[in-house]
Amino acid sequence: MRGRRVFLQRALALGAGGLASRLVPLPLLSLAAPAVAQAGDYKALVCVFLYGGVDGNSLVVPLDSSGYGQYATVRPAASRVKIEQSSLLPIEPAASAVPYGMNPALAAVHPLFAQRRLAILANVGPLRAPTTRSNYVAVRPDNLFSHADQANQWQSSVSSGESADGWGGRMADQLERANGGFPVVTSIAGASLFLNGRASNPLALPSTGGLPMGSTTEARLAAMRALLAVPDTNAYVRAVTEMSAQALALSALVRPILASTSFAVQPFFAGQGNSIAQQLLQVAKLIEARGETGARRQVFFVSMNGFDTHTNELSTLATLLGQLSPALRAFDDAMSQIGTGDAVTTFTLSDFGRTLVPSSSGGTDHAWGNHMLVMGGAVRGGRMYGTYPVLARAGPDDADTNGRWIPTTSIEQYGATLGRWFGLDGAQVAAVFPNLTRFAPQDLGFLG
Amino acid sequence: MARRLLLFIVSLAGLAHAQPTGRAIEFHDASRGAYFLTADREEIARFDAAEGWARTGGEFAVYVDAGDAADLAPVCRFRPKAGTGADTPLYIANAEGCDAAKQYPGWVYEGIAFYAPQLQQDGCPSATTPVLRTYSDAGSSRYSSDATVHAKARARGLAEPGIAMCAALSDADVHADAVRLLRQATFGAVESEAQRVAAIGAEAWIDEQLAMPATLYPAYPWMPFNRLASCPDTTPPLGPDSYCARDNYTLFRVQLDFFRQALSAPDQLRQRVAFALSQIMVTSGVRNARAYPMRDYQQLLRDRAFGRFGELLRAVTVSPLMGEYLDMANNDKVDPASGTDPNENYAREVLQLFTVGTFLLNRDGSHKVDADGRPLFTYGESEIKGFARVFTGWTYPVAPGAQPRNHNPREFVGEMIPVEANHESGAKLLLRQTLAPAGMGAVRDLDFALANVVSHPNVGPFIGRQLIQRLVTSDPSPEYVGRVAAVFDDNGAGERGDLRAVVRAILLDPEARGARKIDPGYGKLSEPVLYMTSLARAAGARTDGVFLRAWSSQLGQSLFYAPSVFNYYPADYLVPGSGLPGPEFGALNSATANARLNFANNLIFAAEIAPDPTLDGAIGTVRDFSPYVALASDPDKLAGMLDRTLLAGTMPPPLRARIVSSLRALPAANALERARTALWLVVASPWFQVQR
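Listed in order, the protein sequences are those of chains G and X.
First residue of the first sequence: 266, per my numbering; consecutive thereafter.
First residue of the second sequence: 499, per my numbering; consecutive thereafter.
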């Protein structure tokens, strides 16, 4: 413990040396007095990014005969992307005239809907302004249907032109000072635009373990820490310097915390060795250890790859959702167990939705608006928010003729609702989502 | 101008000039934005000691006396009458210019500052480099041999045209540029090769590399798509086939062979370019980790790395591995019965990632814009649908002993084959409003469409800029991109898409060459694989690849297992905080930054990196620290050698001081520990992690 304290003081001195304003000063206080009563003021947002563009049309399907009939007309059995009506898991969203069915691989989270811990946000996506089939060509976001561009738009909430930061990072910019020094944003899935703020750096952790520092002797580490305080005029050298210095400092803090073998959240993930479960377990551990890290507001980022289902969509989704769904459920159960059930909200993002019209080889192509899941005790669950699209080729919601839904809810509305619950005031929400004013309502009401 | 510069830079190899006898050093006062350049030793010492002033890293060789070499011109120095005396003086490198300036009332003549090689009619003589004049925002003059400083200043109207003077190249300058070239063109600089580059010159060395045949990946046996029970991972005794499943149904062996050859094979430039191409035209073990298809695909890239871009693109397009990865294999025309449209995946990515990109580009890589300043796009959904129809009617090759079918099952020897029955026969909209006429059939449609793509003016800047980023620098000036794109458009013999000429142009460009690069936005983070190989080569390592393979995923680049067709990191990633392009920073975070330090620590300090007992013929990773051990008794000397051989002379004084003090703290008798410590401090530091 003493060694750790000394190390942290050095790390702090380094930060105070003015090397890098983005360096996160470390929370000495929280270590000196761990587990101070902070449970009363803790909130976390957990972003689950489904890379590749998950097919929302296969996540939530109308179950009434008219709605399902429309679905089955565009996706006949021969297309190999039709989910049988009988295998859909029924839900009855409050205030909805019709029932819907969830993908059968979502069985583990399906009960949470009826328990009002799970909500669906229908047809959300990047928009420059409210958009309809008649004005979409004029106001559509840049490079629609491209993975890289659309994923960046979901993560930055900037739909035209490039952005160097994401809304997770920008939330962190607003809240970093109130967080006792620990980074607001933690990624278990490496770098992403979502995490980058203008004035804050995320912590990135591997999905298991802390940030190991090998067998490097203390003398060598001390020498390296000194070198990482040397200023340089080259921007790339400076960026590496900053990142390495932060990594060394956080390693010393986080490694011992995550080395504990007595986490109460651990058993909930028993038997789930896949990546998304391990990532969510790591998140759960950090939330359980919030007394030690001193964090009061945290944005976590986890991700899954493989949702770009141009072929064999249903079997691929069965596999991927078959991992995601139990992992989400384990996470929600674990949060309830450690008393943070109401303090943690988990939500999905993805590159884009997919065409309702099937493509060759049992898959679907890149599209636009998509249906997202929001989970947690603070969620006003058991409801569908937003507006579910009319499942028709060249219908009122289709951008062209392939069933590419024009979103009826913007990323800004989605993110702002999460942000307001998270504790951002009106000015802070406006700073994080500068284009929010183009849309109404500015709070979708699914939280709080 | 650009072409002339290029000619002089590439002729640096000559050794006709006497060694220079002095150095002009540039200083910067950040608080005032002022620069000061001087070759006067006493003045240099004064600025080194002055509060607020720091060296910029910019410096070039001069001659102190008129008789130090033949054909020298006096360089006279003037200071502005009105100035504070703390801005770079005016230097004029010819007698007439000096006489003229003496008549100008605003300037005070201070005398002859030093001597420089005579500027010739056609530019600087061989074995010298042009020094160019620019201005800082605060109006302070700068003289620099760094072409990037000049290019970026020129773009802002802050540069003088023409050459201010010529600077001789010291042996150290020539060596530094050789090390820089090896970091750009190989898997890591090694001293013996640097000496060779210095001796024969960059151009000759590059041509030698371009002429080398491709090193072959070993041939792996064909395997059925689904593993048979007769192909397990067995227990001892160990033989070549003991780990049949691992060796054929994962990319284990491809990864080992890649690393082994990256460290030791002679065709370094070809392998480096092939590796760059593998990150533009991505396939991934995430989709298919069978060994022989990935081996064939990576070999395809090596074989065509210096060929025609069009031929490369066609080979990639009909590769069964790509066909599987982006779903062109068994992609069928519109089928009313199942309600399916052609799969758009390959159509979209071949345009977006492999050839033209989404934005219409000027030849210098900048975006074309409309009257309102909004970017213009290369294609829309109609063109995607057109290309998706082109790419219908192809299936996998016929497996040995199998009957040909319209949808062959997955098989990866050779190329995909056309199946007219599944090909969309109607006309298709392609780029630039071109229509592929109806009824051409699958093969002619494909060739017509690929020719349409390759002829698009975007390809040169789009591919050229990415290759520059992979090899040289993350943020090339528009002019650099433009020069490379011009060579893509025409290799000088009227041929388009000659990758050999493109690679040559990238590496011989004035922004690539030169002893010192001081522009604050110059260089690139070494991506994990290149960081590992360059470090291993610095440690004199021979390897069976196991050790490097194992670390690559921890550093964020699990070799040939890119998470998606968008590669290991986004091509348009901006470095947080600076806003500069820096694709490789997309793979740098607190976890991987630590992993880099840990990798360096393990590679250098592990007592032994033992052979893997499950690998037949394993040698582990064998390092050779003897060049460093030999100098361990003299920490200053060792630091100097590391600076020269690994950092191309850019070692900052605090690093040098830290090496010396760390080594002095270790007993001199423990020469190996000293050598390792010095090497670790250099290669784990940001100055090695960033290639400049």
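Using N, Cα and C, we set each Cβ at its ideal position, and we do this for glycine too.
Per the C-alpha coordinates, the member of Met600(G), Gln335(G), Leu585(G) and Thr396(G) positioned closest to Pro369(G) is Leu585(G). In chain order, Asp996 and Ala999 place their CB closer than 6 angstroms to the CB of Asn989(X), counting only its own chain and leaving out the 5 sequence neighbours on each side. Pairing Leu386(G) with Gly366(G) gives a Cβ-Cβ distance that is not under 7 angstroms.
Excluding five sequence positions before and after Phe1097(X), the CB atoms of its chain that fall closer than 7 angstroms to its own CB belong to Met1030, Trp1049 and Leu1053, given in chain order. Contact check for Pro477(G) against Pro448(G) fails: the beta carbons are separated by 7 angstroms or more. Listed by position along chain G, the residues whose Cβ is nearer than 8 angstroms to that of Trp1049(X) form an empty set, because the closest Cβ is around 11 angstroms away. The C-alpha of Gly647(G) is placed about 30 angstroms away from the C-alpha of Asn667(G). From the listed residues Pro615(X), Phe576(X) and Phe612(X), the smallest Cα separation to Ala598(X) is found for Phe576(X).
DSSP places Arg555(G) in the uninterrupted alpha helix (DSSP H) bounded by Arg555 to Thr558. Two segments are said to touch when three or more pairs of C-beta atoms, one from each, lie closer than 8 angstroms; by this definition the stretch 788 to 801 of chain X does not touch the stretch 1066 to 1083 of chain X. With fewer than 16 neighbouring CB atoms inside 10 Å of its own CB, Gln380(G) falls in the exposed class. Residue pairing by DSSP places Leu927(X) opposite Leu933(X) in a beta bridge. Partner residues in the beta bridge of His526(X), as assigned by DSSP, are Tyr533(X) and Ala552(X). In this structure the stretch 664 to 671 of chain X does not touch the stretch 718 to 737 of chain X; the number of beta carbon pairs closer than 8 angstroms is below three. Just so you know, the alpha carbons of Ser1056(X) and Arg1047(X) end up roughly 8 angstroms apart. The beta carbon of Pro623(G) is closer than 7 angstroms to those of Arg340, Ser344, Val346 and Thr629 in its chain, skipping five residues each way along the sequence.
Around Arg1190(X), the beta-carbon contacts reaching into chain G at under 9 angstroms are Asn499, Tyr501 and Val502.
Runs of the alpha helix (DSSP H) spanning 4 or more residues and lying entirely within the stretch 311 to 396 of chain G occur at 330 to 339 and 375 to 379, in chain order. Within the DSSP secondary-structure output, Glu557(X) pairs in a beta bridge with Ile523(X).
Close partners of Arg846(X) in chain G (Cβ separation under 9 angstroms): Phe410, Ser411, His412, Asp630 and His631.
A contact is defined here as three or more CB-CB pairs under 8 angstroms, and the stretch 696 to 713 of chain G fails this definition with respect to the stretch 654 to 664 of chain G. No Cβ of chain G is located within less than 7 angstroms of the beta carbon of Pro974(X).
The stretch 634 to 651 of chain G makes contact with the stretch 319 to 327 of chain G; the number of CB pairs closer than 8 angstroms reaches 3 or more. In this structure, the beta-carbon distance from Val560(X) to Ala522(X) falls below 7 angstroms. The Cβ-Cβ distance between Ala591(X) and Ala568(X) does not fall below 7 angstroms. Runs of alpha helix (DSSP H) with 4 or more residues, each lying fully within the stretch 801 to 854 of chain X, are found at 807 to 815, 818 to 823 and 843 to 847, listed in chain order. By the Cβ criterion, the stretch 397 to 412 of chain G is not in contact with the stretch 433 to 445 of chain G, since fewer than three pairs of Cβ atoms, one from each stretch, lie closer than 8 angstroms. Scanning chain G for C-beta atoms nearer than 9 angstroms to the C-beta of Asp830(X) yields Ser625 and Ser626, reported in chain order. Non-local C-beta neighbours of Gly550(X) in its own chain, meaning closer than 7 angstroms and more than five positions away in sequence, comprise Asp527 and Ser529, ordered along the chain.
Contact check for Leu927(X) against Gly992(X) fails: the beta carbons are separated by 7 angstroms or more. For Pro976(X), the enclosing alpha helix (DSSP H) covers residues Pro976 to Asp987.
Neighbours of Ala512(G) in chain X, taken as residues whose beta carbon is under 7 angstroms from its own, are Ser1088, Ala1091 and Asn1092 in chain order.
At a cut-off of 7 angstroms, the C-beta of Phe1186(X) has no neighbouring C-beta in chain G. Cβ contact annotation for Ser638(X) (same chain, cutoff 7 angstroms, sequence separation greater than five): Gly531, Ala532, Tyr533, Asp585 and Thr586, in chain order. Within the stretch 696 to 712 of chain X, contact with chain G at the beta-carbon level (separation under 9 angstroms) is assigned to no residue. Sequence-distant partners of Arg1154(X) (beyond 5 residues in either direction) whose C-beta falls short of 6 angstroms from its own C-beta, in its chain, are Ala1137.
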